[in-house]
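Quick notes on the structure that follows.
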Amino acid sequence: MPELPEVETIRRALEPAIRGCRIRSLEVWQPRLRYPVPPELARIITGQRITELSRRAKYLIFHLEEQNWLLVHLGMSGRLHLTDMAEARGPHDHWEIRLSHRVLRMHDPRRFSLLLKGQGNPGLHPLLASLGPEPLAPGFGGPAWVQALRARKAPVKSLLLDGRLIAGVGNIYASEALFRAGIDPRRSGNRIGATRARILGTAIRLVLKEALEAGGSTLRDYRHPNGDPGSFRVRWRVYGREGEPCPDCGETIRRIRIGQRSSFFCPSCQH
DNA sequence: ACTGGCTCCTGAGGGC
DNA sequence: TGCCCTCAGGAGCCAG
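All residue numbers for the first sequence refer to my numbering, where the first residue is 23 and numbers rise by one.
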C-alpha cells in the first residue's frame with residue numbers, strides 16, 4: 023500500500039513527466055470516493071497547466087495556474103498510472119486526467135482515495151491545516167517533537183499514526199520505527215524519556231529514508247504494471263512477521279491490537 | 001484537549 | 001468447490 027516513501031517516489035517520478043503539461047480534460051467515472059469528487063472540477067481545471075507537484079504527508083498536490091490545485095490521496099489501494107495513450111477503462115478505474123500526450127489515471131479498488139480541489143494556499147485546506155511536521159524535513163526530531171510526544175499519554179504506536187503529531191507515518195513504519203528504537207508500542211507517550219524520544223525520531227527518519235531509497239524499485243512497478251511487485255518488496259524487520267524470530271535476538275515476534283490496528287514487535291528487544 | 005471507537009470499501013484468506 | 005465470515009487499512013469524525 024502507498025506509504026509516505028511510496029507517495030514521495032510517485033511524486034518524484036511523476037513531476038518531471040507532467041510539469042508544464044496542459045490539462046485537456048478530466049473524466050470522472052466514479053465520483054463516490056473518500057469524499058465526492060466535486061462535479062465542477064472538470065470545468066475548473068480544463069485548459070490549465072500543471073506547474074508543480076508537491077507532497078504533504080501522503081497527499082499529493084497538483085499545482086495549477088491561477089493558484090488552483092488538486093489534492094490527491096491514494097488511500098490504501100489507490101494507484102496512479104501515467105500512460106502515453108488512453109486505454110480501455112477497467113474495473114476500479116475512477117478518473118483520468120488527459121494531458122497533451124499522456125493520460126493520468128486513478129485505479130483504486132477500495133475507494134479510500136480522494137480527488138479534491140482548492141484555491142490559494144493548500145496548507146490552509148482543512149485536510150492539511152492540522153498536519154504535524156514532516157518527518158523527513160530538516161530539523162525533525164528536535165525539542166518540539168520530544169515535547170509533543172511526551173505531552174500525550176496514548177500508546178506511542180497510536181501517536182505515530184496521529185497526523186497532528188507527525189505527518190504521513192503509516193501502520194507499517196510505526197511498527198518498524200518502534201522496533202528500531204527499542205520501544206514497546208504500548209508505552210504511553212508521556213512515559214518515554216527525552217533521550218528515547220529523540221532516538222525514536224531518528225528511527226522514524228531512518229526507516230522512511232531506507233524505504234524511500236528502496237522506492238526506486240517501486241518506481242519500476244509503477245511504470246511497468248506488468249512487473250512483478252513481489253520481487254521488489256522491502257524486507258520488514260517485524261511488520262507482518264508474527265511468529266517469526268526477531269532478526270536481532272531470535273525471540274518470537276508478537277502481534278497485538280492497539281487502537282484497532284495490528285502492531286508487531288519483539289517483546290524482548292522493545293520496552 | 002485527548003482518547004478510543006467507528007466508518008467508508010472490496011479482495012483475500014481461513015474455516016467448514 | 002464454494003460459501004460465509006473476518007480482517008486489512010488511511011484518516012476523518014464523533015462521542016465520551
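Ideal Cβ positions, reconstructed from N, Cα and C, are used throughout, including at glycine. Since the structure is predicted, the reported quantities are computational estimates derived from the model, not experimental observations.
Item                                                                                                                        : Value
Range of the contiguous alpha helix (DSSP H) that encloses Lys179                                                           : Val178 to Leu182
C-alpha gap between Leu222 and Arg279, whole angstroms                                                                      : 21 Å
Whole-angstrom distance between Arg220 and Arg172, CA atom to CA atom                                                       : 11 Å
Rounded C-alpha distance that separates Tyr81 from Met128                                                                   : 14 Å
Residue from Met107, Leu146, Ser210 and His103 whose Cα sits closest to the Cα of Trp91                                     : Leu146
Which of helix, strand or coil DSSP assigns to Ser47                                                                        : strand
For Glu273, the three-state DSSP class (helix, strand or coil)                                                              : coil
Inter-residue spacing [alpha-carbon to alpha-carbon] between Glu74 and Gly140                                               : 14 Å
Straight-line Cα distance separating Glu198 from Arg40                                                                      : A small correction: the amino acid at residue 40 is Ile; Arg does not occupy that position in the sequence shown. Straight-line Cα distance between these residues: approximately 33 Å.
Three-state secondary structure assigned by DSSP to Val260                                                                  : coil
Inter-stretch contact (C-beta, 8 Å, three-pair minimum) for the region 177–188 and the region 254–273                       : no
For Met23: DSSP bridge partner residues                                                                                     : DSSP output for Met23 lists no bridge partner at all.
Proximity of Gly190 and Glu232 at Cβ, strictly below 8 Å                                                                    : no
First and last residue of the uninterrupted beta strand (DSSP E) at Gln141                                                  : Leu136 to Gln141
Neighbourhood of Ala79 by C-beta, 8 Å cutoff - its chain only, sequence neighbours within 5 removed                         : Leu26, Leu150, Leu153, Glu156, Gly185, Ala189 and Gly190
Identity of the residue in Glu273, Leu136, Val125 and Pro24 nearest Arg111 by Cα                                            : Val125
For Glu266, three-class secondary structure by DSSP                                                                         : coil
Integer Cβ distance of Ile72 from Ile32, believed to fall under 8 Å                                                         : About 14 Å separates the two Cβ atoms, so there is no contact after all.
Chain-order list of residues whose beta-carbon lies under 6 Å from that of Met23 (same chain, five-residue window excluded) : Met98
Thr217 versus Glu30 - alpha carbon distance                                                                                 : 29 Å
Beta-carbon gap between Leu137 and Leu55 smaller than 8 Å                                                                   : yes
Spatially closest choice to Arg202 from Gly69, Phe286 and Glu88, by CA coordinates                                          : Phe286
Contact under 8 Å by Cβ, His116 with Asp106                                                                                 : no
Beta-carbon proximity of Ile194 to Ile205, cut-off 8 Å                                                                      : no
Assumed close pair Arg277, Pro289 - CB separation to whole angstroms, cut-off 8 Å                                           : That belief does not hold up - the Cβ atoms of Arg277 and Pro289 are roughly 11 Å apart, past 8 Å.
Status (buried if at least 16 other CB within 10 Å, exposed otherwise) for Ala225                                           : buried
8 Å CB neighbourhood of Cys291 in its chain, flanking five on each side removed                                             : Phe201, Gly204, Cys268, Asp270, Cys271 and Glu273
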